[in-house]
Amino acid sequence: MYFKIGGMVAIAVLLSSGSAIAQDAERYITVGHDKLGNSVALDTKTIKGTIYKLYGIYGDGIFETTFNASCTESRLFRNRIAIYGPEGQLLEEDKEKGEIPFVATSSPGKGMKIVCQKIGASGW
């Protein structure tokens, strides 16, 4: 599945089988699954410090959630949720920011662990 997002083509590796498209397999790391069994993936190319994005399938499109991790405090903050249609058009956006519970086994928690390890935060 291919989706156009913000003028760039983002490859959705979030197929119901959970397999990645070979050409960008290293870019997206599966960090969990939704209730339907679709993969939720961390986009490693968009990591900036402790800010990272997760992608998943949402209907015929995809969702993009942006998080900010506080590695040393094991705290996690949601910055934005966006839902895109199959042609890449922004359908919905929620820019409400706020802290969410850190759960190490959840998709956001697993993404946070990868991000914190990447920057060498202690305890990870």
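Sequential numbering from 33 applies to the sequence shown in our numbering.
Ideal Cβ placement from N, Cα and C applies to all residues, glycine included.
Quick caveat: nothing in here was measured; it's all calculated off a predicted structure.
{"Query": "Presumed contact (8 Å Cβ cut-off) between LYS26 and ARG110, rounded CB distance", "Result": "Nothing in the structure corresponds to residue 26, since the chain is present only between 33 and 156."}
{"Query": "Contact check, LEU74 vs GLY93, beta carbons under 9 Å", "Result": "no"}
{"Query": "ILE83 versus ILE132: straight-line alpha-carbon distance, rounded", "Result": "14 Å"}
{"Query": "Residue range of the unbroken alpha helix (DSSP H) whose run includes LYS150", "Result": "139-151"}
{"Query": "Span separating the alpha-carbon of TYR72 from that of ASP126", "Result": "The sequence given here places Val at residue 72; Tyr does not occur at that position. Their Cα atoms are separated by approximately 19 Å."}
{"Query": "Check: LEU123 C-beta below 8 Å from any heavy atom of the ligand MG", "Result": "No copy of the ligand MG appears in this structure; indeed no ligand is present at all."}
{"Query": "Three-way DSSP call (helix, strand, coil) for ALA136 in this model", "Result": "coil"}
{"Query": "Three-state secondary structure (DSSP) of ILE53", "Result": "Here ILE53 scores only 48 on pLDDT, less than 50, and its place in the model is too uncertain to base an answer on."}
{"Query": "Pair within 9 Å by beta-carbon distance, PHE95 and TYR87", "Result": "yes"}
{"Query": "Cut-off 6 Å between Cβ atoms - residues of its own chain near ARG112, not counting five sequence neighbours on either side", "Result": "THR98 and LYS127"}
{"Query": "CB of THR76 within 9 Å of CB of ILE89, strictly", "Result": "no"}
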